[in-house]
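Have a look at the structure below before the remarks.
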Amino acid sequence: MEDERVLREFMGDRPDAEQLGDWAATLRDRLARLKEEAQRAAPDEAAALAPKIRRLQEQITALDEEAAITQFVEDSVRVTLAMGAVTDGTLEQE
563 MEDERVLREF MGDRPDAEQL GDWAATLRDR LARLKEEAQR AAPDEAAALA PKIRRLQEQI
623 TALDEEAAIT QFVEDSVRVT LAMGAVTDGT LEQE
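Quick note on my numbering: the sequence shown kicks off at 563 and runs consecutively.
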């Protein structure tokens, strides 16, 4: 599809919103496993895991925010392309 090609060119090497969401989901899985490990661990071991848990939570938040921003940009590009097609009269009639 031409719009998707234009979108990929516009975004360059940046990951798309879906990929960012996938990365966040992977980190959520790791976070869940780490939290389970911390619950089973001795108190001193659990305390040692706390910074890792916090770091994962921060990374997940950052990826979620980046995914939302990227989705907005992707949607904006698609709308801009669609509006251009409407004004050019090249929009396909359904």
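Ideal Cβ positions, reconstructed from N, Cα and C, are used throughout, including at glycine.
The alpha-carbon separation between G574 and G583 amounts to approximately 18 angstroms. For R576, there is no enclosing alpha helix (DSSP H), since its DSSP letter is neither H nor E. Taking 4 residues as the shortest admissible run, the stretch 565–616 contains the following complete alpha helix (DSSP H) segments, listed from N- to C-terminal end: 579–602. Cβ contact annotation for L593 (same chain, cutoff 8 angstroms, sequence separation greater than five): I615, L618, Q619, I622, in chain order. Here the stretch 597–607 makes no contact with the stretch 623–636; the two share fewer than three CB pairs at distances below 8 angstroms.
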